[in-house]
Amino acid sequence: MDREQTIETDDAELTGAEIVVRALRDQGVEHIFGYPGGAVLPIYDALFQQDAVEHVLVRHEQGAAHAAEGYARSTGKPGVLLVTSGPGATNAVTGLADALMDSIPVVCFTGQVPTHLIGSDAFQECDTTGITRPCTKHNYLVRDVNDLARIIHEAFYVAKSGRPGPVVIDVPKDVQFKKGRYVGPANVEHRTYRPQTKGDPRAIQRAVEMMAAAKRPVFYTGGGVINAGPQASKLLRELVKLTGFPITSTLMGLGAFPASDPQWLGMVGMHGTYEANLAMNRCDLMINIGARFDDRVTGRLDAFSPHSKKIHVDIDASSFNKTVKCDVPVLGDAAEVLREMLAAWKALGRTNEPAAMKSWNAQVDEWRARKSLGYRCSDEVIKPQYAIERLYQLTKDRKTFVTTEVGQHQMWAAQHFHFDEPNRWMTSGGLGTMGYGVPAAVGVQVAHPDALVIDIAGEASVQMTLQEISTAIQYRLPVKIFILNNEYMGMVRQWQQLLHGGRYSHSYSEALPDFVKLAEAYGAVGIRATTPAELDAKILEMINTERPVIFDCVVDKNENCYPMIPSGAAHDEMILADAQDQPGVTEAGRQMV
Amino acid sequence: MVTDPNAPKSAYFLVEDKQAVLTATLAVIVDNEPGVLARVVGLFSGRGYNIESLTVAETDHQKHTSRITIVTSGTKDVITQIKAQLGRLVPVHRVVDLNVDKPGIEREMALVKVAGEGDRRVEALRLSDAFRARVIDTTHTSFVFELTGAPSKIDAFVDLMKPLGLVEVSRTGVVAIARGAEAM
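Going down the list, the sequences are from chains A and B.
Positions in the first sequence are counted from 1; adding 1295 to them yields my numbering.
Positions in the second sequence are counted from 1; adding 5 to them yields my numbering.
Dropping the structure here:
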């Protein structure tokens, strides 16, 4: 064989590693998050020799997964990560489970030991497809390099379509070296997976007729609206405006409808507003669009919205009647169904009985007047709610993205930071993953280099993945880690106070680092605020710093997050911040958390 | 729905389901790809559903699709949920409930080994004839019967063999198909 011929063969076929990179490029992937290791070295070698796909080196594979999630949630495009076999894969599992629970499109490449060693307990071997099967939407083990391109394109399709989710592609090292045929995305069609996106017109017609007949209607929307793209949010706004109904949303759905709008009730659920929860409780028609009746939303099921008919729009048939019975299920994509609903509503040309709507709105206003998000201000100590409020006020005119960790600070952020746009709010809702916020912020900032990206954090959560600040430094990503430091795992402490007789078992954050010095050690900027008087200036200093910042906001240690529906209670049994005699938590409620 | 004050503290669900428990036979058509059975079985264990019987084999060698027949039990709501959960698995083509969606017929095959001598041996053979079982292996002191029928028929036969020297039973689990001319 002469030299020319060899080159010709090379051109016709690619190595598995080259196929991975080529497929990423053809899928329009610009950034991937990853960490190298023995079983993915050929792919790293292929990445090294090209510029189309930029690799962001994280500090831990969990960080890669959350960064990919943050990237996906802020752009609507799938996030991609690349990790090695064994511990690389197991470290990514938390992020995959998180993405599954919150329906985030993620494609995760894992290296695997060579096919002939699979099952031999080889170095850094683990049963990746076995381990990730229950925490992914789908996964693949690629045994033949000629299947690799098809599988990658399929994986992107599966991750994005229907109810989005994470997909793992496990690629043994020998498959990365072997040469095989490449096929482009246009030539790949999934054999079976065709989620229904168009809603049943009869169901939609029935839904709008019920809407027109309702006397106390409320919209209850969720992450499905965000996942259906900006168009869905636009259509939702139009429909809500036209109908004039009040609207609330889950934690996942914040931003789909503008929080500054007078029809907005605030968030629903365990730490939702009084008006949102009461409206849900007393409504006669609930229009659920892309939410799933999560237990943090419903509270006690037998007392959940007892007098309402329920319309439920969802892309996933298993969401219907899972916990709450619905009267009209509409299977389909939120944007498509909203478009049809809007058309059907206009065609119907009816409006709700004005007297009924007037009295319903008056009732809602009465609940609103309760000002359930109120808290007692202080001149001496920074109240966490005040810190979020100031942060919101000082950043609201910018293009701001917010990620969070999990706990009290997350709920305060959801309550006091208001979102007018979708895809600006990234939080771990379903899985409740402490440590989500820092890497997610890294992912968001990679996608939006010029935006202001803030991780609203707690001092306990943030320590779970804080090393990703090093990633931010390396790639000059000016993320802001805004820590509400109350020296407690605040939500744990709050529950211990309410449920376990104030026995604060292991919830005190002892031996905390000096976050300012820690920031400096990483090469970031550390800022600390300890009094309300200096807060604004310090926040402005943070915003105006064009480098990563760790902001240690020292807040009231004993503040609880209210309003709150204790587990096992109903929506109309909320605990409010100013309630003199707070109802005790029942034994039944104690078991729920 | 009733709150149970004696539920274990770790339990998340506070409500006790008072609905009647039904048995359902589900026919599931899947792509015969690696891990598909683990996916289906993992779904059942992961979400706390029962599997009473499960059979699987490739039924279309050209399209590489397999048919899984699962007998499960649960309340009506749980069975609806099982069907929906199976439906969202990526390699699943169709899920049909062969009690509700379409009336079906069920069969199971069993191999039953019985050892004995004298009258007991004669009685075993006589009963096997009544059940239309076939003898597929024999020695002077034993039979292996092959028996096909509804699971209840096999249960009855096995019970009858117990006093006659039942040694061992191997059952296939239920396979089922819809009645009538149409495909599922």
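Where a beta carbon is used, it is the ideal one built from N, C-alpha and C, also for glycine.
All figures in this text were calculated on a predicted structure; none of them were measured in a lab.
Suppose the cutoff is 8 Å on Cβ atoms and the five residues either side in sequence are ignored; what does the same chain contact list for residue i look like?
i: Ser1614(A); result: Arg1587, Phe1588 and His1607
i: Thr80(B); result: Asp22, Gln24, Ala25, Val26 and Leu27
i: Val1888(A); result: Since pLDDT at Val1888(A) reaches only 48, below the 50 mark, its modelled position is unreliable, and no value is offered.
i: Leu171(B); result: Val117, Lys118, Val119 and Val163
i: His1711(A); result: Leu1668, Gln1680, Ile1683, Glu1684 and Tyr1687
Taking the alpha carbon of residue i as the point to measure from, which residue in the options has its own alpha carbon closest?
i: Val61(B); options: Lys68(B), Val33(B), Leu165(B) and Thr28(B); result: Val33(B)
i: Gln1769(A); options: Gly1494(A), Gln1345(A), Val1351(A) and Pro1337(A); result: Val1351(A)
i: Asp1597(A); options: Asp1873(A), Leu1633(A) and His1866(A); result: His1866(A)
i: Trp1662(A); options: Gly1821(A), Ala1574(A) and Gly1425(A); result: Ala1574(A)
i: Asn1839(A); options: Asp1809(A), Arg1486(A), Leu1747(A) and Trp1655(A); result: Leu1747(A)
i: Leu1395(A); options: Thr1728(A), Ile1776(A) and Tyr1803(A); result: Thr1728(A)
i: Gly1627(A); options: Glu1313(A), Val1348(A), Asp1495(A) and Glu1570(A); result: Asp1495(A)
i: Val1463(A); options: Gly1457(A), Arg1486(A), Gln1407(A) and Gly1524(A); result: Gln1407(A)
i: Pro156(B); options: Ser175(B), Arg126(B), Val95(B) and Ser71(B); result: Ser175(B)
i: Tyr1366(A); options: Met1506(A), Pro1808(A), Pro1624(A) and Asn1718(A); result: Asn1718(A)
i: Lys1604(A); options: Met1565(A), Pro1459(A) and Lys1510(A); result: Lys1510(A)
i: Asp1579(A); options: Ala1554(A), Pro1512(A) and Thr1545(A); result: Pro1512(A)
i: Gly1644(A); options: Asn1855(A), Asp1847(A) and Ala1508(A); result: Ala1508(A)
i: Phe1810(A); options: Asp1847(A), Val1787(A) and Ile1683(A); result: Asp1847(A)
i: Ser1800(A); options: Gln1710(A), Pro1373(A), Arg1788(A) and Lys1694(A); result: Arg1788(A)
i: Asp1692(A); options: Leu1549(A), Glu1700(A) and Phe1714(A); result: Phe1714(A)
Just the chain A side, please: which residues come within less than 7 Å of residue i by C-beta, in chain order?
i: Gly79(B); result: None at all; the shortest Cβ gap to chain A is about 13 Å.
i: Gln24(B); result: Here the premise fails: no neighbours, minimum Cβ distance about 12 Å.
i: Arg44(B); result: Arg1428
i: Gly47(B); result: Arg1428 and Pro1429
i: Gly51(B); result: Pro1429
Could you name the residues of the same chain whose beta carbon sits closer than 6 Å to that of residue i, not counting the 5 residues immediately before and after it, in chain order?
i: His69(B); result: Asn37
i: Val1676(A); result: Asp1851
i: Arg1245(A); result: Any answer about residue 1245(A) is impossible in this case: the structure gives chain A only from 1296 up to 1888.
i: Glu1833(A); result: The amino acid occupying residue 1833(A) in the given sequence is Lys; Glu does not appear at that position. Answer for Lys1833(A): Ile1822 and Ala1824, listed in chain order.
i: His1433(A); result: Val1453 and Val1462
If I'm right that residue i touches residue j with Cβ under 8 Å, what's the distance once you round it to whole angstroms?
i: Val1632(A); j: Ile1521(A); result: Val1632(A) to Ile1521(A), Cβ: 15 Å. No contact.
i: Thr1379(A); j: Pro1337(A); result: That belief does not hold up - the Cβ atoms of Thr1379(A) and Pro1337(A) are roughly 11 Å apart, past 8 Å.
i: Pro1679(A); j: Gln1705(A); result: Pro1679(A) to Gln1705(A), Cβ: 11 Å. No contact.
i: Pro1843(A); j: Val1757(A); result: Wrong, their Cβ atoms sit about 13 Å apart, outside the cutoff.
i: Val1348(A); j: Glu1325(A); result: 7 Å
i: Gly1371(A); j: Gly1524(A); result: 6 Å
i: Asp1465(A); j: Thr1405(A); result: 5 Å
i: Val1623(A); j: Arg1501(A); result: 5 Å
i: Gly1475(A); j: Val1437(A); result: Between Val1437(A) and Gly1475(A) the Cβ distance is about 10 Å, and since that is not below 8 Å, they are no contact.
i: Ser1765(A); j: Tyr1731(A); result: Rounded, the Cβ-Cβ distance is 17 Å, inconsistent with contact.
i: Leu103(B); j: Ala188(B); result: Contact doesn't hold; Cβ gap of about 13 Å is too wide.
Residues of chain B with CB closer than 7 Å to the CB of residue i, please, in chain order.
i: Arg1486(A); result: Asp36
i: Leu1436(A); result: Pro39
i: Lys1617(A); result: Gln86
i: Thr1424(A); result: Gly40
i: Val1453(A); result: Val95
If we count the other Cβ atoms within 10 Å of its Cβ and call it buried at 16 or more, is residue i buried or exposed?
i: Pro1601(A); result: exposed
i: Tyr1330(A); result: buried
i: Ile1778(A); result: buried
i: Thr1431(A); result: buried
i: Ser50(B); result: exposed
i: Asn1386(A); result: buried
i: Asp1873(A); result: exposed
i: Thr1760(A); result: buried
i: Arg139(B); result: exposed
i: Val1733(A); result: buried
i: Ala1708(A); result: buried
i: Leu1835(A); result: exposed
i: Pro168(B); result: exposed
i: Phe1418(A); result: exposed
Can you name the residues of chain A whose CB is closer than 8 Å to the CB of residue i?
i: Gly92(B); result: Ala1612 and Ser1613
i: His98(B); result: Thr1487
Short of 7 Å in beta carbon distance, which residues of its chain neighbour residue i, apart from the five on each side in sequence? Order them along the chain.
i: Val76(B); result: Thr28, Thr30, Glu57, Ser58 and Val179
i: Lys1493(A); result: Gly1627 and Glu1631
i: Met1636(A); result: Ile1499, Ala1502, Val1503 and Leu1534
i: Met1(B); result: The question about residue 1(B) has no answer, for chain B in this structure spans 6 to 189.
Find the residues of chain A that neighbour residue i, judging by a C-beta separation of less than 9 Å, and give them in chain order.
i: Leu89(B); result: Checking the sequence shown, residue 89(B) turns out to be Ala, not Leu. Per Cβ cutoff of 9 Å: Asp1611, Ala1612, Ser1613, Ser1614, Phe1615, Asn1616 and Lys1617.
i: Asp82(B); result: Asn1616, Lys1617 and Lys1620
Taking C-beta pairs closer than 8 Å, name the residues in chain B that residue i reaches, listed in chain order.
i: Gly1432(A); result: It is Lys, not Gly, that sits at residue 1432(A) in the sequence shown. Residues of chain B passing the Cβ test: Val95.
Please tell me whether residue i has its Cβ less than 8 Å away from any Cβ of chain E.
i: Gly1414(A); result: Annotation note: the requested chain E is absent from the structure, which comprises protein chains A and B.
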